[in-house]
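In the working numbering, the protein residues as written are 24 to 818.
Built from N, CA and C at the ideal position, the CB exists for glycine as well.
Here the structure is a predicted model, which means the values were calculated and not measured.
Structural data, given as structure tokens:
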């Protein structure tokens with residue numbers, strides 16, 4: 024933040040403009056309050072009529088906000104504060120409203136959602152977990168229904184429960200939809216895999232408000248949503264290579280870089296591999312798959328940590344959100360890395376599948392006509408939001424002044440010193456009855472801290488990925504007298520920790536951080552659990568020079584402090600390190616971590632540009648094909664000519680066997696008249712013969728179906744099959760290509776340029792493969808008519 028005064032001035036200017044609109048909203052408050060329920064409900068009809076007659080949503084904003092504000096009061100008993108109206112204005116304008124914890128973001132969203140739903144296209148409120156989506160729909164839904172709008176949520180209460188396509192069609196027809204980023208992403212991908220327009224369910228992506236937008240678009244930006252299918256041949260090398268890796272010694276047989284993001288075998292490690300697998304030279308073309316599995320097993324055992332990067336949940340390896348500690352159900356690492364983790368943890372190996380469809384949250388939400396967001400901590404990353412999404416962050420003032428005390432950090436030499444100092448602080452606060460939230464950086468640390476509290480006889484709750492189902496109950500109890508809650512950064516984000524009776528007099532909720540997190544935003548989110556809506560509260564962080572963020576991003580001179588002497592439990596209460604330089608080094612390490620995170624997100628976005636362009640082109644063509652009801656814009660003869668020409672260009676001279684193979688594989692597998700091939704004397708004659716044979720097969724299909732519309736349906740099914748099969752292969756190839764080009768950096772090549780170059784080549788090959796498959800499926804498939812249905816059996 025180079026010029027904070029300038030930024031604050033800009034925010035003040037934005038707020039002044041918003042306050043002028045707020046004044047207009049307030050001018051309609053008395054009028055809306057004077058209306059009967061029926062008259063208030065009729066405002067929705069009047070607003071829609073005015074839009075049809077040429078007015079804009081901006082024109083309607085003051086009255087529409089005042090109307091839904093009055094509806095909030097009558098249905099929920101809550102009348103949005105002026106600051107909430109200001110937040111709603113920011114959201115309508117397609118920007119991000121930074122509103123502190125407890126300021127009522129859920130109620131704020133009712134105003135822009137109602138206004139934008141009047142335009143006739145479904146609008147969405149997107150959260151990052153299903154509990155919040157279901158809760159908000161249940162709580163806010165009656166307001167919209169009172170005003171004549173429909174509301175739904177395609178999110179299931181049970182993660183394993185499948186929602187049928189017909190149900191989703193109903194969900195996505197509602198005026199206002201409460202959903203999650205994951206559910207929306209998978210539904211978007213699934214909608215583009217259906218084989219009939221009657222099965223499509225997605226609505227136009229017109230307007231969405233993302234709750235906790237930084238968690239969705241920044242923290243989750245690098246984890247793509249992937250739909251997998253069509254299993255590959257499963258390798259039997261995962262278990263074997265994992266056993267080999269367990270025999271190796273770090274710094275002798277393999278080495279990791281400083282921040283443990285890459286690992287490689289040393290010369291000695293390569294010799295050990297050749298000895299273990301009985302090979303003279305492991306780096307040959309024949310051993311490619313073995314080397315790949317060794318690398319996967321090495322990464323699984325050295326770079327990916329249990330209870331930090333993933334968890335073993337119900338006998339399965341499940342990824343963890345490193346920022347919040349939440350389980351990422353339905354997401355898997357690609358290119359065999361997930362199976363390598365399963366071999367490491369000795370659980371049943373899942374099928375190694377092809378990627379059928381994939382998208383990042385960055386590209387998913389860029390497709391909305393208008394996007395907005397809410398968060399309590401977005402301002403620190405405003406420049407990234409502007410550059411990537413074109414959204415500014417407006418800081419909304421709190422309804423009541425914050426009186427929370429944010430105490431300075433205490434920095435300790437090593438991990439044991441820090442833990443015992445923080446534990447002593449927790450004990451002293453707990454003795455007063457003041458509730459405590461202990462924030463930890465990983466699932467593993469939450470379990471360790473729980474053990475320390477149990478040893479001290481302090482009853483507590485643990486909120487992490489393993490008991491997320493009880494999150495709402497734990498958060499509800501976390502603000503009661505005497506409560507102690509140990510939590511990862513998930514810490515009930517999106518829900519308020521409300522103070523129990525008498526807690527305010529004790530000083531409110533105390534948030535004790537046991538380390539500085541990898542991002543400053545996460546620290547701010549944790550502090551924001553305390554001191555909601557003018558409540559008292561206190562926050563303090565305990566840091567050690569052995570914390571991950573300091574080890575990975577701190578200066579080299581730090582090592583001498585924690586390498587001196589043995590690591591042992593403190594005999595007496597440890598003392599914090601004195602000097603501002605330690606606080607500064609922690610702040611700078613966190614800043615470096617934030618910078619690396621941003622650079623990594625930019626790289627992910629740059630890699631994904633090629634696949635996003637290809638995806639949009641193919642999905643658009645696919646939709647055009649699905650929505651056609653009569654004639655296709657496809658010239659089958661021209662396609663056949665192109666495929667045949669490519670075949671003929673492969674050979675300077677060709678044999679009868681070459682021609683037979685092409686006919687059997689692409690045109691007619693019943694072809695037996697080899698004598699006719701002897702009469703074909705030139706390439707032109709052969710080309711004409713092959714094209715004529717293809718058109719004869721098409722005519723035969725037309726004769727079987729008898730009806731023009733049925734024949735059209737057959738063509739559409741066959742072409743769709745050809746497109747989908749090739750796109751699945753392309754997606755899978757591009758996923759593997761990302762891994763392949765990463766190694767070209769060592770050859771002084773730009774991996775992103777290399778990726779885009781290769782991606783373009785593979786796209787052109789895919790276009791050719793689609794036409795090859797179209798010819799094959801149209802000619803070789805078996806087709807029959809059953810009542811009004813067209814049944815197609817593909818070769």
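Report yes if the C-beta distance between residue i and residue j is below 8 Å; otherwise report no.
i, j, result
"residue 529", "residue 502", "no"
"residue 399", "residue 121", "yes"
"residue 803", "residue 692", "yes"
"residue 198", "residue 173", "yes"
"residue 119", "residue 415", "yes"
"residue 117", "residue 339", "no"
"residue 561", "residue 446", "no"
"residue 544", "residue 566", "no"
"residue 511", "residue 466", "yes"
"residue 379", "residue 754", "yes"
"residue 808", "residue 728", "yes"
State the Cα-Cα distance for the pair residue i and residue j, rounded to the nearest angstrom.
i, j, result
"residue 763", "residue 631", "15 Å"
"residue 776", "residue 549", "39 Å"
"residue 583", "residue 573", "13 Å"
"residue 52", "residue 105", "12 Å"
"residue 12", "residue 368", "Since the first residue shown for the chain is 24 and the last is 818, residue 12 is missing from the structure and cannot be characterised."
"residue 296", "residue 263", "11 Å"
"residue 63", "residue 559", "39 Å"
"residue 127", "residue 148", "14 Å"
"residue 482", "residue 455", "14 Å"
"residue 653", "residue 358", "41 Å"
"residue 260", "residue 373", "14 Å"
"residue 73", "residue 224", "29 Å"
"residue 25", "residue 403", "Because the pLDDT of residue 25 is 44, which lies under 50, any placement of that residue in the model is unreliable, and the number read from its coordinates should be weighed accordingly. Between residue 25 and residue 403, the C-alpha separation is close to 11 Å."
"residue 589", "residue 569", "Only weak support is given to the placement of residue 589: the predicted model assigns it a pLDDT of 49, under 50, and the value that follows is read from those uncertain coordinates. One C-alpha to the other measures close to 13 Å."
"residue 515", "residue 309", "At residue 515 the pLDDT is 48, less than 50, meaning the model places this residue with poor confidence; the figure from the coordinates comes in the next sentence. Looking at the two C-alpha atoms, the distance is approximately 51 Å."
"residue 699", "residue 716", "12 Å"
"residue 419", "residue 110", "6 Å"
"residue 299", "residue 292", "10 Å"
"residue 782", "residue 215", "21 Å"
"residue 696", "residue 212", "46 Å"
"residue 387", "residue 706", "48 Å"
"residue 139", "residue 458", "41 Å"
"residue 268", "residue 546", "37 Å"
"residue 355", "residue 341", "7 Å"
"residue 805", "residue 814", "8 Å"
"residue 689", "residue 627", "39 Å"
Would you mind giving the Cβ-Cβ distance between residue i and residue j, rounded to the nearest angstrom? I have them listed as a contact below 8 Å.
i, j, result
"residue 667", "residue 714", "6 Å"
"residue 146", "residue 90", "Wrong, their Cβ atoms sit about 16 Å apart, outside the cutoff."
"residue 239", "residue 204", "5 Å"
"residue 462", "residue 536", "5 Å"
"residue 476", "residue 507", "7 Å"
"residue 444", "residue 597", "6 Å"
"residue 114", "residue 135", "4 Å"
"residue 228", "residue 391", "5 Å"
Tell me residue i's beta-bridge partners as DSSP assigns them.
i, result
"residue 596", "Residue 596 is not bridged to any residue."
"residue 433", "565"
"residue 251", "378"
"residue 279", "286"
"residue 809", "812"
"residue 722", "Residue 722 is not bridged to any residue."
"residue 580", "For residue 580, which the question treats as bridged, DSSP gives no partner whatsoever."
"residue 394", "231"
"residue 148", "201 and 232"
"residue 121", "398 and 418"
"residue 750", "Partner(s): none; residue 750 has no beta bridge."
"residue 273", "277"
For residue i and chain B, any beta-carbon pair shorter than 8 Å?
i, result
"residue 356", "Here there is only one protein chain, and chain B is not present."
Cβ contact (3+ pairs, closer than 8 Å) linking the segment 633–641 and the segment 676–687: no
Touching by the beta-carbon criterion (3+ pairs, under 8 Å), the segment 372–383 and the segment 244–252: yes
Contact the segment 73–90 vs the segment 32–51: 3+ CB pairs below 8 Å: yes
Cβ pair count under 8 Å reaching 3, the segment 784–793 against the segment 744–756: yes
Three CB pairs or more closer than 8 Å across the segment 89–103 and the segment 158–174: yes
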